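If you're matching them up, the sequences are chains R, P, F and X in order.
Heads up: the first sequence at position 191 corresponds to 204 in the numbering used here, and the numbers run straight through without jumps.
Heads up: the second sequence at position 166 corresponds to 179 in the numbering used here, and the numbers run straight through without jumps.
Heads up: the third sequence at position 64 corresponds to 77 in the numbering used here, and the numbers run straight through without jumps.
Heads up: the fourth sequence at position 32 corresponds to 45 in the numbering used here, and the numbers run straight through without jumps.
Backbone N, C-alpha and C fix where the C-beta goes; we use that ideal spot for every residue, glycine too.
Predicted, not measured: the structure shown is a model, and the values here were computed from it.
Each remark here refers to the structure printed beneath this line.
Protein chains: 4
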Amino acid sequence: MEKKSVPSLVKDQQLINKRRQQIIKGAVRLFIEKGFHRTTTREIAKESGFSIGTLYEYIGTKEDVLYLVCDAIYDEVTERLKKQLHTTGSAINRLEEAIRAYFLVIDSMQDEVLVMYQETKSLPKETLPYVLKKETEMVAMMEEILADCKKEEALDLTEKEMKLITHNILVAGQMWTFRRWAIRRHFTLEEYINLQIKNLIHN
Amino acid sequence: MEKKSVPSLVKDQQLINKRRQQIIKGAVRLFIEKGFHRTTTREIAKESGFSIGTLYEYIGTKEDVLYLVCDAIYDEVTERLKKQLHTTGSAINRLEEAIRAYFLVIDSMQDEVLVMYQETKSLPKETLPYVLKKETEMVAMMEEILADCKKEEALDLTEKEMKLITHNILVAGQMWTFRRWAIRRHFTLEEYINLQIKNLIHN
Amino acid sequence: MEKKSVPSLVKDQQLINKRRQQIIKGAVRLFIEKGFHRTTTREIAKESGFSIGTLYEYIGTKEDVLYLVCDAIYDEVTERLKKQLHTTGSAINRLEEAIRAYFLVIDSMQDEVLVMYQETKSLPKETLPYVLKKETEMVAMMEEILADCKKEEALDLTEKEMKLITHNILVAGQMWTFRRWAIRRHFTLEEYINLQIKNLIHN
Amino acid sequence: MEKKSVPSLVKDQQLINKRRQQIIKGAVRLFIEKGFHRTTTREIAKESGFSIGTLYEYIGTKEDVLYLVCDAIYDEVTERLKKQLHTTGSAINRLEEAIRAYFLVIDSMQDEVLVMYQETKSLPKETLPYVLKKETEMVAMMEEILADCKKEEALDLTEKEMKLITHNILVAGQMWTFRRWAIRRHFTLEEYINLQIKNLIHN
DNA sequence: TATGAATGAGAATTCATTCAT
DNA sequence: TATGAATGAATTCTCATTCAT
Chain R
14 MEKKSVPSLV KDQQLINKRR QQIIKGAVRL FIEKGFHRTT TREIAKESGF
64 SIGTLYEYIG TKEDVLYLVC DAIYDEVTER LKKQLHTTGS AINRLEEAIR
114 AYFLVIDSMQ DEVLVMYQET KSLPKETLPY VLKKETEMVA MMEEILADCK
164 KEEALDLTEK EMKLITHNIL VAGQMWTFRR WAIRRHFTLE EYINLQIKNL
214 IHN
Chain P
14 MEKKSVPSLV KDQQLINKRR QQIIKGAVRL FIEKGFHRTT TREIAKESGF
64 SIGTLYEYIG TKEDVLYLVC DAIYDEVTER LKKQLHTTGS AINRLEEAIR
114 AYFLVIDSMQ DEVLVMYQET KSLPKETLPY VLKKETEMVA MMEEILADCK
164 KEEALDLTEK EMKLITHNIL VAGQMWTFRR WAIRRHFTLE EYINLQIKNL
214 IHN
Chain F
14 MEKKSVPSLV KDQQLINKRR QQIIKGAVRL FIEKGFHRTT TREIAKESGF
64 SIGTLYEYIG TKEDVLYLVC DAIYDEVTER LKKQLHTTGS AINRLEEAIR
114 AYFLVIDSMQ DEVLVMYQET KSLPKETLPY VLKKETEMVA MMEEILADCK
164 KEEALDLTEK EMKLITHNIL VAGQMWTFRR WAIRRHFTLE EYINLQIKNL
214 IHN
Chain X
14 MEKKSVPSLV KDQQLINKRR QQIIKGAVRL FIEKGFHRTT TREIAKESGF
64 SIGTLYEYIG TKEDVLYLVC DAIYDEVTER LKKQLHTTGS AINRLEEAIR
114 AYFLVIDSMQ DEVLVMYQET KSLPKETLPY VLKKETEMVA MMEEILADCK
164 KEEALDLTEK EMKLITHNIL VAGQMWTFRR WAIRRHFTLE EYINLQIKNL
214 IHN
């Protein structure tokens, strides 16, 4: 049970997937522009390229759209990140590259990531765990590499420190989106990445 | 131009202040519980202890309530923090105590702080600058102490590093609220504070 | 029972008169600008120079204000007209002068007259007769002069024709206000008066 | 640019027309009874035979209803009048018949016409010109026949006199509605028509 | 499956009126 | 008498959701 199942009146699973891709794409654009609450289902349907009736063939409630969106963004971030992860080299190098890759992915999807973080609180209660689980998976991914660093004695950290640094890494990535109004006045992405890496692990 | 003025039909400024305190108190409770968009003006009025008509004697729009709330929370955080700041002792000690004080304040107002960060995006466009300005002031407060550390040669940081660390400090505080679902499984507040201080500046 | 009595909580009749003059003056300005329905009692109070509470010391309902206004305007029109009426000379000359005087009075109070005619329908049911009575009095005034013309054999009219012409005269005056958007493109007041007199009685 | 377009969420133009007819019919009845301002949108919806939500599928604002109503009434008056206009015979005969026809149409639609004249001032600013234009067209229709009378030397009038008489004719028609409280005590419709015709043009 | 018209509960806001001071 | 804060019914308008075609 990886995903929460969103109800659909349609049988053809392929069609469902296709339509939901359309929905997600349309909705993300709108949520970025005006937020979840200020976006109407009519707008979502229109932006997705079909009628309001059709929209409701593929979702049960408006909140389902939000879940689909958050879920999809998480998937994409994780997916892209995984593709960038090195599997060879020293752990410390792999960590650095992982952080860099993560920040780059975040930057390339900044609007989406921002939406995801800002609207998480509006998710239907039952779906929240599914989304948090994805976060937890990302935490685990990073933590694993950190653990390798420890094993290779590149870093000397307690378990707790490892946990904390992992969260700090993830938050540092998110910061790049939700504090951009302040941060980008002072740093380019490259500068930001390099300085954060230095601060996070090289000290 | 410290504050955005919120329109009121009532003349007695003392009464305005008193009623707005009631509004803020009631609204915060509701926003914590269900968020800004899911809270109705009628609920705010009721929770504040008066009728819907009276509510609108003290605000112009529902969004004004959000501004009042965010503004008040920022004020209180800053206010409380200022009271805790030491003015004597080595800069590095003052920094550490400032961070600790900041985290403690955040913790004692976690729900309020969470609301503030989550709903900022719903603020009326014209008021956003007023709220961001407060953030900027907090950044400045921290930065000043960091600058002292540099002057006293307790920390060897470039300007950019100082900027970044300042933001990291503030975000680390906020993290304690918006990632509590993950963090508190692993750390007590004390542990969290100590580890973050260590990571942020002692390395 | 010349006037409908409007309820007041105040005893001093002199004060009542004074305050009501203020109310009428303020309200007329507002009704001209935005109409009765779009004017609030608060605005009326403010424009009259006192508080909403005080306003309600001198009227019972918002509609009372409309009655006071319509009544006052009628009074003024009649009053001014009466002052201009000649009592000597041939009836036909007196008629012509009466019409001229009437049109001039209307022109000098065009906004007020327009308000009166446009808002009459919003008058409280019980007061409508009082206002219509004033109209009827004006009709009577004109009719009397017309009757004199007949007696002096300057005009050869049946009773019905006399009635009709009287109404036509009054309406021709009102027309100058409610059709000004069309009429004033083509006529100056003088032209209008002269042509209407010619059409109304010299044929 | 014959008509101001009123926004609708519905696509089927036929349906829009049908529903708007329902709206107009329902609204006219209510406006006659209680005026525009005292009629609520819910009442309009109910009287039209559908829900408040459906009403707003076919209009944007309450004021749009007023525009639809005024526009429709004007259309019907003009339409009916045109059907009655003779195209043969002497100009003076055609004029007389036009006036008669106009008065008869007005009489048969007296409530509607009254509403139209009384509520015109509440029309949204942008739509006023559209409605006045219709008035102007009616003026033009009458003026043309009067011009024919002049050409045929049945009437000896200056340009200005023609203009004025045209307006007098139209106003005499409206009078029949807005002064009915006074006029009908004295005249039957037939009497009124005949006397006005005599006064307006046979002198 | 797709469509889009219909629905109506619910939301924000207004404003005439009251009443304690 | 004068004030103005308090009230809450009433109003316009929105929008998620349904359902007949």
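Contact with chain R by P/Glu204, beta-carbon distance below 8 Å: Contact of P/Glu204 with chain R is assigned, a C-beta pair being separated by under 8 Å.
Close Cβ partners of F/Thr190 (< 6 Å) along its chain, the five nearest in sequence each way excluded: Excluding its 5 nearest sequence neighbours in each direction, F/Thr190 has C-beta neighbours in its own chain below 6 Å: Gln123, Val126, Leu127, listed in chain order.
Three-state secondary structure assigned by DSSP to F/Val75: Sequence check: residue 75 of chain F is Lys here, not Val. DSSP, read as helix, strand or coil, puts F/Lys75 in helix.
Coarse secondary structure for X/Asp124, derived from DSSP in three states: Secondary structure at X/Asp124: helix, using DSSP grouped into helix, strand and coil.
DSSP three-state assignment for P/Leu170, whether helix, strand or coil: Here P/Leu170 sits in coil by DSSP.
Any chain R beta carbon closer than 8 Å to P/Ile196: It does; some Cβ of chain R falls within 8 Å.
Beta-carbon proximity check, P/Asn212 vs R/Leu177, cutoff 8 Å: The beta carbons of P/Asn212 and R/Leu177 sit closer together than 8 Å.
P/His99 in three-state terms, based on DSSP: For P/His99, the secondary structure class from DSSP, reduced to helix, strand or coil, is coil.
Neighbour-count burial assignment, P/Ile65, 16 or more Cβ in a 10 Å radius: Exposed, because fewer than 16 other Cβ atoms sit within 10 Å of the Cβ of P/Ile65.
Local conformation of F/Lys24 per DSSP, three classes: F/Lys24 falls in the coil class under three-state DSSP.
Residues in the region 42-70 of chain X having any Cβ partner in chain F nearer than 7 Å: If the cut-off is 7 Å between Cβ atoms, the region 42-70 of chain X has Gly48, His50 near chain F.
Residue of P/Leu22, P/Lys24, P/Glu56, P/Val23 minimising C-alpha distance to P/Ile37: Nearest option by C-alpha distance: P/Glu56.
The region 128-139 of chain R / the region 82-90 of chain R touching (three or more Cβ pairs under 8 Å): Judged by Cβ distances under 8 Å, the region 128-139 of chain R makes contact with the region 82-90 of chain R, as three or more pairs qualify.
Nearest residue (CA-CA) to F/Phe255, options F/Ile29, F/Thr74, F/Val78, F/Ile72: This structure does not reach residue 255 of chain F, given that chain F is present from 14 up to 216, and the question cannot be answered.
Min CB distance F/Ile182 to chain X below 8 Å: No - not a single Cβ of chain X is within 8 Å of the one on F/Ile182.
Burial state of F/His180, where buried means 16 or more other Cβ atoms lie within 10 Å: It is buried - the Cβ of F/His180 has at least 16 other Cβ atoms within 10 Å.
C-beta atoms of P/Met188 and R/Val118 nearer than 8 Å: Contact flag unset, no.
Short Cβ contact (8 Å threshold) for R/Glu70 with R/Leu22: It is a contact, given that the beta carbons lie within the stated cut-off.
Minimum Cβ-Cβ distance from P/Arg193 to chain R less than 8 Å: Cβ-Cβ to chain R under 8 Å: no for P/Arg193.
Segments assigned alpha helix (DSSP H), at least 4 residues, entirely inside the region 153-214 of chain R: If we require 4 residues or more, the alpha helix (DSSP H) runs fully inside the region 153-214 of chain R come out as 172-191, 193-196, 202-214.
Interface residues of the region 106-130 of chain P facing chain R [CB-CB below 9 Å]: Cβ contacts with chain R come from Leu127, Tyr130.
Among P/Lys173, P/Thr101, P/Thr149, P/Asp120, the one whose alpha carbon lies nearest that of P/Thr201: Closest by C-alpha distance to P/Thr201, out of P/Lys173, P/Thr101, P/Thr149, P/Asp120, is P/Asp120.
Coil, strand or helix - F/Lys16 by DSSP: Of the three classes helix, strand and coil, the one that applies to F/Lys16 here is coil, per DSSP.
For X/Gly39, the three-state DSSP class (helix, strand or coil): Taken through DSSP and simplified to helix, strand or coil, X/Gly39 comes out as helix.
Helix, strand or coil at X/Thr133 [DSSP, three-state]: Annotated three-state conformation of X/Thr133 is helix, per DSSP.
Length of the line joining the Cα atoms of F/Val19 and F/Glu76: Rounded to the nearest angstrom, the two C-alpha atoms are 10 Å apart.
Sequence-distant residues of its chain with Cβ nearer than 7 Å to F/Thr54 (five each side left out): Cβ neighbours of F/Thr54 beyond the five flanking positions: Ile65, Leu68, Lys75.
Cβ-Cβ distance between R/Met151 and R/Thr91 below 8 Å: Yes; because the gap between Cβ atoms is below 8 Å, this pair is in contact.
Short Cβ contact (8 Å threshold) for R/Met175 with R/Lys163: In this structure, R/Lys163 lies closer than 8 Å to R/Met175 by Cβ.
Within chain P, the residues that R/Glu157 reaches when beta carbons sit closer than 9 Å: Within 9 Å Cβ-Cβ: nothing; R/Glu157 doesn't reach chain P, min ~16 Å.
Nonlocal neighbours in the same chain, by C-beta distance under 6 Å from X/Gln27, ignoring five residues either side: Within the same chain, and ignoring the five residues on either side of X/Gln27 in sequence, no residue has its Cβ closer than 6 Å to its Cβ.
Neighbour flag for F/Glu139 against chain X, beta carbons, 8 Å: Cβ-Cβ to chain X under 8 Å: no for F/Glu139.
CB contact below 8 Å: X/Asn212 versus chain F: Yes, contact with chain F.
Alpha helix (DSSP H) runs wholly inside the region 46-76 of chain P, at least 4 long, in chain order: Whole alpha helix (DSSP H) segments, 4+ residues: 54-61, 65-71.
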